[in-house]
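Report on one structure; see the data block that follows.
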Amino acid sequence: MGNLKFILSALVAGMGLSSCQHPQKVETTKRPNIVFIMTDDHTIQAMSAYGSKLVKTPNLDRIANEGILFNNCFVTNAVCGPSRATILTGKYSHLNGLNDNSKVFDSTQVIYPQLLKQAGYQTAMIGKWHLGSTPMGFDYYSILPNQGQYYQPEFLENGKKVKEQGYVTDVITDKAIGFLEKRDHDKPFMMIYQHKAPHRNWLPAPRHLGMFDNTVFPEPDNLLDDFNNRGRAAKEQLMNISTDMWPAWDLKMLSTAQLDSMAKLPNEKFKDAKGDDYKQANDPSLDKARFFEVYNRMTDAEKVQWKKVYDKRVAEFKKLNPKGADLVRWKYQQYMRDYLACVVSVDENVGRLMDYLKKIGELDNTIIVYTSDQGFFLGEHGYFDKRFMYDESFRTPLLVRYPASIKAGSVSNAFAMNLDFAPTLLDYSGVKIPDDMQGVSLRPLLDNAGKAPENWRKAVYYHYYEYPSWHAVKRHYGIRTERYKLIHFYNDVDEWELYDMQKDPKEMKNLYGNKAYEPVVKELKEQLKKLQIQFKDTDPTETNSK
């Protein structure tokens, strides 16, 4: 064992120098542990570290206060599975093979946990996987099948199906702590700890039911956006709070009497509501059946508690009978009450995990990353969900804590991407970054309090493919610089949008076609083509339009 430690120490020093853009500060032979925390659909608008006025997230704020916060971290493709595949492989969707949620991830390709395992790390994948395939490259995995369930969730655990009692966010944390308790203490660990919350349909933990019922949340200025001067892509999606939120599934508008009546029906009545086909997901006729299937997972005590809270919501709606803009505003408030309660459970559990790491003496020797698979709309443009290249969806939170290298309270405005996560973790672990990974290590930023070197990227590239599908967001690709964003919607449309992010950060005024901006468009299209060539995504309208 002594010789092995000597060899690994040499590898840390030697390989770290070759994979980083500057010499590493090697102060110890002990390699850092890694805890990669990712939630599903958690946006910066719902994190107090980013200035949110909607909710307090003290444990997430702690990571930011004791580490670094990135203001400009973006995703390559703002939808669940493709984002996860990009994070694991360090490659864009067109190269890792998973460009939409209908596909299955090829687990035989190289992913960063596999490389860490080969380098001596003990590896675990716990929580939401959502890639269709069996995890490879892990000593231990316990994953939610497909999207997973909020109440009494099932897991696939090292090939065996197990059903757990409790709320999914709590159960995932229990499993994470259990892995840390039983791990091989002679090895560094790398644990991917991924939550279902706060994914649709936003079912809070029993202890948080009704916690925001007396809160009136501030509305985004563009909640009632009329999509003036934008085309079909912005208007024809199916993610409007006004028209596309389902009464039962999203807003929990089923009374005790309705639920009790449904409980008397045979189970086969609801079998068609359990699929994940997007035509079903967009079919409101399945609304009640889909919700009842998840409600029926609750214990009797949980059902009693649930009815007490949501019967009040049904009664309030009947009393107010809101119409038009008032109905949109009412729906927004219910959406926030449920979504943000799910966020609270995430924050509590991240704190619980950090407290455990501190208890066992591993907190400061562990790189803690907190992110989401992408951002999410919380009423901006009247939307919920993600997918669009607009910043609320395109931008994702990124917090990193590692006292050995990161100055507490650092903030970075440099462009980062989820493409960079794998190279960064390999870099810190002393493992060579594969040449075909398209991201870059963020270590130059992390080690320098967020300040970017002169040669750091000045633009980011995005490509979304999942159409026709859930929410009917058109396929599109684009470029974002510090000042501008240019988007091309294609496939069954041919529309361009240009935004001046300095003058119009909420992306309300499409400037494409404005003669004054023609030089800007020309330059952005040239940069866009260079990025497509760099990332080997040339001619997307031709190769991906069918």
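Okay, so the sequence shown: first residue is 0 according to numbering that gives the first Met the number 0, each after it adds one. Don't be surprised by glycine CBs; every beta carbon is placed ideally from N, CA and C.
- For Ile-405, the three-state secondary structure derived from DSSP is coil.
- Between Val-109 and Leu-143, the C-beta gap is not smaller than 9 Å, which leaves the two residues out of contact.
- Of all C-beta pairs linking the segment 389-399 to the segment 29-43, three or more are shorter than 8 Å, placing the two stretches in contact.
- The residue among Lys-52, Arg-206, Tyr-192, Pro-187 with its C-alpha nearest the C-alpha of Tyr-150 is Arg-206.
- Under the three-state reduction of DSSP, Leu-155 is assigned to strand.
- Sequence-distant Cβ neighbours of Trp-248 in its own chain, meaning closer than 6 Å and more than five residues away, are Asn-200, Asp-286, Arg-289, Phe-290.
- Shortest Cα-Cα distance from His-487 to any of Phe-376, Glu-496, Ser-440 involves Glu-496.
- By the criterion of at least three beta-carbon pairs nearer than 8 Å, the segment 437-445 is in contact with the segment 403-422.
- Partner residues in the beta bridge of Phe-488, as assigned by DSSP, are His-475, Glu-494.
- Beta bridge pairing from DSSP links Met-190 with Val-34, Ala-123.
- Under the Cβ criterion (8 Å, minimum of three pairs), the segment 118-134 counts as touching the segment 96-108.
- Going by DSSP, Leu-285 is part of no alpha helix (DSSP H) at all; its letter is neither H nor E.
- The three-state secondary structure of Arg-336, taken from DSSP, is helix.
- Annotated three-state conformation of His-462 is strand, per DSSP.
- Taking C-beta atoms as the reference points, Gly-96 and Lys-186 fail to come closer than 9 Å.
- Look at Val-103 here: in three-state DSSP terms it is coil, with no helix or strand label.
- The continuous beta strand (DSSP E) containing Ser-141 extends over residues 139-143.
- Within a 10 Å sphere around the beta-carbon of Ser-344 sit 16 or more other beta-carbons, which makes this residue buried.
- Following the DSSP letters along the chain, one finds Ser-371 inside the beta strand (DSSP E) bounded by residues 365-371.
- By the Cβ rule, the segment 228-235 does not count as touching the segment 204-219, because fewer than three pairs are nearer than 8 Å.
- In the DSSP assignment, Ile-67 is bridged to Val-399, Ser-409.
- Under the three-state reduction of DSSP output, Asp-224 falls in the coil class, being neither helix nor strand.
- In the structure shown, Leu-258 falls within a helical segment according to DSSP collapsed to helix, strand and coil.
- In the DSSP annotation of this structure, Lys-90 is not part of any alpha helix (DSSP H), being labelled neither H nor E.
- In the three-state DSSP reduction, Leu-425 falls in the helix class (H, G or I).
- By the neighbour-count criterion, in which a residue is buried when 16 or more other Cβ atoms sit within 10 angstroms of its Cβ, Asp-183 is exposed.
- Between Lys-90 and Lys-535, the alpha-carbon positions lie close to 10 Å from each other.
- When secondary structure is reduced to three states using DSSP, Tyr-331 falls in the helix class.
- By the 16-neighbour rule on beta-carbons within 10 angstroms, Gly-477 is buried.
- With contacts defined as CB atoms closer than 9 Å, Tyr-463 and His-475 qualify as a contacting pair.
- Boundaries of the alpha helix (DSSP H) around Trp-305: 299-319.
- Per DSSP, reduced to three states, the secondary structure at Leu-130 is coil, with no helix or strand assignment.
- Taking a contact as a CB-CB distance under 8 Å, the pair Gln-148 and Arg-296 counts as one, their CB atoms being some 6 Å apart.
- By the C-beta criterion, the segment 168-183 is judged to be in contact with the segment 347-354, since at least 3 inter-stretch pairs fall below 8 Å.
- Just so you know, the alpha carbons of Pro-31 and Leu-523 end up roughly 40 Å apart.
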